[in-house]
Every structure is written in structure tokens, then in C-alpha cells.
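In the UniProt record's numbering, the protein residues as written are 1 to 674. All C-beta atoms, glycine included, are put in the ideal place defined by N, C-alpha and C. Structure first, then comments.
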Amino acid sequence: MLHFIRKSIGLKTLTLIAGISVVVFTILIGVTTQRQYDGMLGQMDTALTRVSELIKLATDGPMLVGDDDGTKAQFALLAKRYPDTQVYITNFKNNITYSTRTGTVRKDVEDVFSDPSVLALTEKAVKTDVHEGLLLKEGGKSFMLRSTSIPNDDSCHHCHGSSQPILGQLVVVKDVTPMVAGIHRQVLETVAFSVGGLATLICIVFFFLRKTVIKPVQEITEASHRIAHGELETQFTVHSQDELGKLESNLGEMVGKLKEQLGFSRGILQGMTTPFLVTDTEGNVTFTNKGMVDCLCELGDPDQHVGKTVGEFFYNDVSRETLTHKVLANRKAITGVEVEFTDRDGETRYSVLDSSPIYDLDGNLMGAFTVCTDMTEFRRQQRLVEEQNSRITRAAEAAGAIAVQVSSASEELSAQVEQSSSGAEEQRSLTAEGATAMEQMNATVTEVARNASNAAEMAGKAQDVAKNGVSVVEDTVRHINDVARQAESLKTEMGGLADKAEGIGEIINVIEDIADQTNLLALNAAIEAARAGDAGRGFAVVADEVRKLAEKTMSATRQVVDYVGSIQESTRRNMAATEEAVKLVEQSTAMAGESGRTLHSIVQMVVETADQVRAIATAAEEQSAASEQINRSMEQISRISSETADAMNQSAQAVSDLARLAVDLNAIITDMRR
1 MLHFIRKSIG LKTLTLIAGI SVVVFTILIG VTTQRQYDGM LGQMDTALTR
51 VSELIKLATD GPMLVGDDDG TKAQFALLAK RYPDTQVYIT NFKNNITYST
101 RTGTVRKDVE DVFSDPSVLA LTEKAVKTDV HEGLLLKEGG KSFMLRSTSI
151 PNDDSCHHCH GSSQPILGQL VVVKDVTPMV AGIHRQVLET VAFSVGGLAT
201 LICIVFFFLR KTVIKPVQEI TEASHRIAHG ELETQFTVHS QDELGKLESN
251 LGEMVGKLKE QLGFSRGILQ GMTTPFLVTD TEGNVTFTNK GMVDCLCELG
301 DPDQHVGKTV GEFFYNDVSR ETLTHKVLAN RKAITGVEVE FTDRDGETRY
351 SVLDSSPIYD LDGNLMGAFT VCTDMTEFRR QQRLVEEQNS RITRAAEAAG
401 AIAVQVSSAS EELSAQVEQS SSGAEEQRSL TAEGATAMEQ MNATVTEVAR
451 NASNAAEMAG KAQDVAKNGV SVVEDTVRHI NDVARQAESL KTEMGGLADK
501 AEGIGEIINV IEDIADQTNL LALNAAIEAA RAGDAGRGFA VVADEVRKLA
551 EKTMSATRQV VDYVGSIQES TRRNMAATEE AVKLVEQSTA MAGESGRTLH
601 SIVQMVVETA DQVRAIATAA EEQSAASEQI NRSMEQISRI SSETADAMNQ
651 SAQAVSDLAR LAVDLNAIIT DMRR
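This is how it looks when you write it as C-alpha cells:
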């Protein structure tokens, strides 16, 4: 019962009104009844006092003259006339001397009355002057008893003397049962009317309060209950213009403000893309967003995770203590804490947490607000950048080693090119000398042919001409031998030049491989730097410079390759021409020897001069043609030697550029290492 009363303002109001009304009416009824009772007792006491005085007046006459029979006659008359009244006179010893009940005469009061209050009053009345009354109940009836002391007046001294101040007492007992019953009826009527009035008043007040107070309060309670459970669209209906009406209006405005503020707050929370969560004071999730769910690779909507502990939400461990628990325990914000955890897909993730306590307007702790910044991609990019830096460092070290090799190879190539250039210059000089000799030999052969023709005409002078021919042939043989030696030397030099050109080709191949590898490393470094974004922009610049140097190196190398190819091709042609020249020189040498032998035979065999001269003429013509061929070959060798010398100079310049590029590449790699 008390439980229902505590939960209902109507029952509380009804109980309060009923309680107050019952108490007030009970007090009023009690006071009224008591006043009526006291009034009735007062009236009865007054009436009994008058009766006592009348009885005393009626009995004083015979008693004053000592007329005992007259006194008894008066008491008998009173008993007959007032059967509902008992009259007793006692002496100072409380012994009854006269009574309307003859059976009680000469008895003590205590033998007639058993009520202690009566005995006490009668005992008091014989000692002091008393005029008191009291109400008795005995045998289902009500009696009014009045005790009046009888003082020892002067008129009594002649019989009783003056020793006793109180001679006795007059006790009058009247049956007041009808009067008491009337009082009881009045009291019951008063109570009945009071209860009826009380019930009527309670009903009127209750229905009035129910209509004007309780019902509006209940409506306010129901509406506020729905609002407390999230039904913010609930409206407060204003029923009156009194305080409750103003309360409903104010509550409606308050809900409107609350909806506006909650809408603003919810809009901010739902509009945030940064992962976050809100917890209560126990560390349970009360709100989170899609970003946080996606960050943890959780399934479902954010509302499905409301009520979980932060440990369960993050680590799938209900009892785990988290940063939010520390913030709630210390009531201080904690920021910049990086945590590592494994999401539901089994991947390791990194996040920076910033958590702060939330207080209401009164400063009471409401929970905590935690923002999660996903650093997983940043850490992944950081590792990639570190790996790229490591690869770039290794590439720089390899490129440095390659640059050193390129520089060394360039120096060696420069030395070989310089040596080849010197050989080419020497070859050009020797070729020029060989050309001069071949021109001389050609002139000599022409002269031989002319002389052979003349010899056919001048057969008579064959001996002299033969002698001169021997001398000329000897000179020719000597010059041809010189040409043969020079051609052999040229062949040897051209062979060395070919070998050196082949060496240059091998070095160029090494340089091309180094340039290709450097370009590949530069491209890889540029790709890795592009993947790193802004963090690899510096590496991209360096990689681009390395790539440009590699392209310059490859361009210079291709030029050197072209030049070396030209040198090799020219050298091969020179070798072929030189070998042909050597063969022709050998043939010329043989022919010159044969000419010498023929001239010696001419001296001995003049008879056969004509035939021999014709043979010599024929051989001279062939020799002249061979000399022309040798002369042309020597011109070609001279031209090729000049081209080779120029190519060697260009190769030297290219190798110098390559060495300079290798030095620049090494400097860039040194800067990269820093």
C-alpha cells in the first residue's frame, strides 16, 4: 500500500487531505464532545449542588433541634419522592447516620461504596471543607455523586461541642444514566455529522485537486516520462492559466530548447568523420560513429556497440583497463597516447588517442569523450619511406661504387684512348711517309715501264740500259723493302690499334652497363620517392639528377661507342688494306728481284734482249698498275689514319666528359649519403 502511495501524487494528496481532515475533525469532535461532556457534567453538578442544598435545608430544621425522628422522616420523604436519588449523612468518622436507604444506616462509607475515588472523596470531606462531585459508573448505570462537608457551626455546639471542625458530610448520589445516554447520543450525532461532512469535504477537495492539479500533474509526468525515454516530439498541453499551466508552457519551451540543443549536439556528433566514442562514468560506450567502427573493422551499425565496455570494443576484453578508465579515475584529460592493437581482421593497427572527461553544468562527471586518430597508414608509409631510404642508401652505395669504377674505367680508357691517339698520330705520320715512298715507287715503276719500252726500241743499247736498269732495280728493291717494312710496321700498329679499340669497346660495354644500372637505380629511386609523396620529394630531385647524369653518361657512352665503332671499322679496313699492301709490296719485292735477275741475264744474254725487254715491259706495266693500287691504298690508309686520329681525339674528349660525369655522380651520391 505504501509503495503505491509513494508512486502516486493523487494517493499522496488524498492521503494527506484525508489525514489532515481526520485529524482536524477528530480534534474538533473530541473538543466538542469533551466540551459537551464537561458542560453536561457541570450542569449535572450544578443541579446536584442545588439538590444537596435543598436537602440540607430540609434536614437542617430537625437536626438543629435534635429531632432525630423528624430527620429520619425527612429522609424517608426524600426516598419516596426522589427514588433516583440517594442521600447519606455521615459523622466525622465516616459512619452513615442518616440515609434514604435504611439498610445502610450505621455502616461505614467504605461498606457502602467500593469505588476508590468515592472513598477518597468521602475521606477528604470529613477532614476539610469540601464541595465536590464526581461521575460514577456501576452496574451499567451512571451516577453523579456530590460530597459536601458539614462544618461544626456555633449552632451545633450545643449538641456536638466545638472539638471537631467538621461534624461529617452530606453525600448525594443521583442516577444520571438517561442524561449520560443523551450526551452519548449527541456525541454520536456530532461524530456522524462530522464524518459525513468530512467525507463530503474530502471528496470535493479531492475531485477539485484531481481536476485542477493531479490530472495536469499526471499528464506532465507521463509527457516528461516519454521525453525522458527519448520521445522528444511529445507536446505539453496547456489546460489553464494558473501555475500548472505556466509550468506546462515552461516545460514545453524547455523541451523545445532541449530538442534544439540535443539536435545541435547530435548533429555535431553525427557529422564528425573523425573516429570517436563517448562513455558513461562506468566506461561503457554510450555513443560512437561509423568512423570508429570502420577503424576497428567492427561489423554492424554504431548503435549495436552501445553498452559495451571500451576494453571489449577495442580489444574484445571486457575486463581490460583502458585510457578511458584512467581519465575517469583521474578526472584529467590525457592526450597524444599512441596505442597498438589488433582489429577484428587480425591486422595490427596504430592509433593516437585523445581522451577528456565530460562534466555537466553543475560540474558532475558524466563520462568521457575519446577521439581516435588512425595512424596505421602513416606508420605504413613511414615504414615504406624508411625502406625506400634504405634501398636508396644501398643504391647510393652501389652507385658510388659504380661511380668509382666508372671513374677508374674512364681514367684507364682515357689513358688507352690517349695511347691510341698517339698511335693514330704515329700511324698517320708513317702512312704519310709510306704514301711518299709509294709515290716515289710509282714514279720509279713508271720510269721502268718507260725504260722497258725504250729498251725494246733501243735493243742496241741493252747493255748500258740493263746496267742502269740493274741500278734502278736495286734502288727499287731497296725502296720496296723499305715500303714492306713500313707496311709490316703499319700492320703491327693497326693490329695494336684494333686490340686497343676492342679494349675500348669492352670498357664502353662496362660503362654502358654501369650507366644502365645507374639509370635503373635512379628510376627505382624516383618511383619509390613518388610513392612516398611529400616525404620523398627530396629523394625524387636527387634521383632525377642521378637519372640525368646517367642519361648524359649513356649519351656520351653511345658517342664513344660510335667513335670506337668507327675506329674499329676504320682499323679493320686499314688492316685489310695494309695486308693487301703488304701482299703487293711482297709481290713488288719479288718482281723487283726478278727484274734484277732479268737485268743481270740481259747483260749475259743480250741475244734474248728483245724478248726479255718485252717481258720486262709487261712486268713493268703490271708493276705500274700495282704501284698505282698501292698508292691509292696508301692514300686511303692516310685518310683512315687521319679519321682515326680525329676519332681518337673525340673519344678522348668523350672519355674526359665521362670522367667528369662520374665525378659529378660520385659527388651527388656523397650528398645523398649525407
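Would you call the region 45-65 and the region 159-175 touching, i.e. three or more CB-CB distances under 8 Å?
Contact holds: three or more Cβ-Cβ distances are below 8 Å.
Considering only their Cβ atoms, is the gap separating Leu135 from Ile150 smaller than 8 Å?
Start at 1 with the first residue of the sequence shown, and residue 150 comes out as number 150. Start at 1 with the first residue of the sequence shown, and residue 135 comes out as number 135. Contact: no.
Output the boundary residues of the alpha helix (DSSP H) element that contains Asp129.
Stepping through the sequence shown from its first residue, residue 129 is reached at position 129. No alpha helix (DSSP H) contains Asp129, which DSSP labels as neither H nor E.
Taking Cβ positions only, does Thr309 come closer than 8 Å to chain D?
Of the protein chains in this structure there is only one, and it is not chain D.
Keeping to the same chain, check which residues put their C-beta closer than 6 Å to that of His131; ignore five residues upstream and five downstream.
To locate residue 131, count along the sequence shown from 1; it is residue 131. The residues are Thr148.
Going by other Cβ atoms of all chains shown within 10 Å of its Cβ, with 16 needed for buried, is residue 712 buried or exposed?
This structure does not reach residue 712, given that the chain is present from 1 up to 674, and the question cannot be answered.
Kindly confirm or deny that the region 356-369 and the region 323-338 touch, where touching means at least three C-beta pairs closer than 8 Å.
yes
For the alpha helix (DSSP H) containing Leu77, name the first residue and the last one.
Sequence index remark: in the sequence shown, residue 77 carries index 77 (1-based). Note, Leu77: alpha helix (DSSP H), 68-81.
At the level of alpha carbons, what is the spacing between Ser390 and Gly336?
By one-based count along the sequence shown, residue 390 stands at place 390. By one-based count along the sequence shown, residue 336 stands at place 336. Here the C-alpha atom of Ser390 lies approximately 29 Å from the C-alpha atom of Gly336.
Can you list, in chain order, the residues of its chain whose CB lies under 7 Å from that of Met179, leaving out five sequence neighbours each side?
Residue numbering aside, residue 179 sits at position 179 when the sequence shown is read from its first letter. Excluding the 5 residues flanking it on each side, Met179 has same chain C-beta neighbours closer than 7 Å at Met40, Met44, in chain order.
Beta-carbon separation of Val385 and Ala526 under 8 Å?
Start at 1 with the first residue of the sequence shown, and residue 385 comes out as number 385. Start at 1 with the first residue of the sequence shown, and residue 526 comes out as number 526. Their beta carbons are not under 8 Å apart, which means Val385 does not touch Ala526 by this criterion.
Nearest neighbour of Ala47, chosen from Tyr88, Gly197, Leu145, Asp111 [CA to CA]
Taking the first residue of the sequence shown as position 1, residue 47 is located at position 47. The option with the nearest alpha carbon to Ala47 is Leu145.
How should residue 727 be labelled, buried or exposed, when 16 other C-beta atoms within 10 angstroms of its C-beta is the threshold for buried?
No answer is possible for residue 727: the residues shown for the chain start at 1 and end at 674.
Would you decide whether Arg349 is buried or exposed? Buried here means 16 or more other CB atoms lie within 10 Å of its CB.
The residue you call residue 349 lines up with position 349 of the sequence shown. By the 10 Å Cβ count, Arg349 comes out buried.
Does the distance from the CB of Ser99 to the CB of Tyr82 come in under 8 Å?
By 1-based counting over the sequence shown, the position of residue 99 is 99. By 1-based counting over the sequence shown, the position of residue 82 is 82. Cβ distance not < 8 Å, so Ser99 and Tyr82 don't count as in contact.
Which ranges would you report for the alpha helix (DSSP H) in the region 165-228 if only whole runs of at least 4 residues count?
177-209, 215-228
Measure the C-alpha to C-alpha separation of Ser656 and Asn649 and round it to an integer number of angstroms.
By one-based count along the sequence shown, residue 656 stands at place 656. By one-based count along the sequence shown, residue 649 stands at place 649. If you take the alpha carbons of Ser656 and Asn649, they lie about 10 Å apart.
By DSSP, does Ser265 sit in helix, in strand, or in coil?
By one-based count along the sequence shown, residue 265 stands at place 265. Of the three classes helix, strand and coil, the one that applies to Ser265 here is helix, per DSSP.
Grouping DSSP H, G and I as helix and E and B as strand, with all else coil, what is Gln650?
Position 650 of the sequence shown holds residue 650. Helix, per DSSP.
Mind checking Pro165: buried by the 16 CB within 10 Å criterion, or exposed?
Stepping through the sequence shown from its first residue, residue 165 is reached at position 165. Label assigned to Pro165: exposed.
Based on DSSP bridge pairs, tell me the residues matched to Glu340.
Taking the sequence shown and counting its residues from 1, the one referred to as residue 340 is at position 340. For Glu340, which the question treats as bridged, DSSP gives the partners Tyr350.
Close-in-space but distant-in-sequence residues of the same chain around Ile334 (CB under 7 Å, 5 per side omitted)
Position 334 of the sequence shown, counted from the first residue, corresponds to residue 334. If we look at Ile334 and ignore the five residues flanking it on each side, its Cβ neighbours are Leu323, Lys326, Val327, Ser355.
Tell me the DSSP secondary structure of Gly39 in three-state form.
Against the sequence shown, residue 39 aligns to sequence position 39. It is helical.
Residue nearest to Thr200 in terms of C-alpha spacing, selected from Gln381, Ile514, Asn519, Val22:
For the purposes of this step, residue 200 is taken as the residue at position 200 of the sequence shown. The candidate whose alpha carbon is nearest that of Thr200 is Val22.
Excluding five sequence neighbours on each side, which residues of the same chain lie with their C-beta closer than 7 Å to the C-beta of Thr190?
Stepping through the sequence shown from its first residue, residue 190 is reached at position 190. Closer than 7 Å at the Cβ level, and outside the excluded window around Thr190, lie Ile29, Thr32, Thr33.
Relative to the C-alpha of Cys372, which candidate in Lys308, Phe276, Gly263 has its C-alpha closest?
Here the question's residue 372 lines up with position 372 in the sequence shown. Of Lys308, Phe276, Gly263, the residue nearest in Cα terms is Phe276.
Are the Cβ atoms of Thr286 and Asp280 separated by less than 8 Å?
Counted from its first residue, the sequence shown places residue 286 at position 286. Counted from its first residue, the sequence shown places residue 280 at position 280. Their beta carbons are under 8 Å apart, which means Thr286 touches Asp280 by this criterion.
Under 8 Å between the Cβ atoms of Thr97 and Asn91?
Counted from its first residue, the sequence shown places residue 97 at position 97. Counted from its first residue, the sequence shown places residue 91 at position 91. Contact: yes.
Leaving out the 5 sequence neighbours to the left and right, which residues in its chain are closer than 8 Å to Glu138 when beta-carbon positions are compared?
Indexing the sequence shown from 1 puts residue 138 at position 138. The answer, listed in chain order, is Asp115.
Cα-Cα separation between Asn152 and Asp38, rounded to whole angstroms:
Translated into the one-based positions of the sequence shown, residue 152 becomes position 152. Translated into the one-based positions of the sequence shown, residue 38 becomes position 38. C-alpha separation (whole angstroms): 33 Å.
Among Thr436, Lys93, Ile214, the one whose alpha carbon lies nearest that of Lys124
For the purposes of this step, residue 124 is taken as residue 124 along the sequence shown, with counting starting at 1. For the residues Thr436, Lys93, Ile214, the minimum Cα distance to Lys124 belongs to Lys93.
Give the secondary structure of Arg101 by DSSP, where H, G and I count as helix, E and B as strand, and everything else as coil.
One-based indexing of the sequence shown puts residue 101 at position 101. If DSSP states are grouped into helix, strand and coil, Arg101 belongs with coil.
How far does the alpha helix (DSSP H) with Met292 in it extend, from its first residue to its last?
The sequence position of residue 292 within the sequence shown is 292, counting from 1. Run containing Met292: 290-295, per the alpha helix (DSSP H) assignment.
Determine which residues share a DSSP beta bridge with Lys137 and list them.
Position 137 of the sequence shown, counting from 1, holds the residue named residue 137. Beta-bridge pairing links Lys137 to Ser142.
Ser471 versus Ile567: straight-line alpha-carbon distance, rounded:
Locating residue 471 in the sequence shown gives position 471, counting from the first residue. Locating residue 567 in the sequence shown gives position 567, counting from the first residue. Spanning the two alpha carbons is a distance of roughly 42 Å.
Under the three-state DSSP convention, the category Ser147 falls into
For the purposes of this step, residue 147 is taken as residue 147 along the sequence shown, with counting starting at 1. Three-state DSSP puts Ser147 in a strand.
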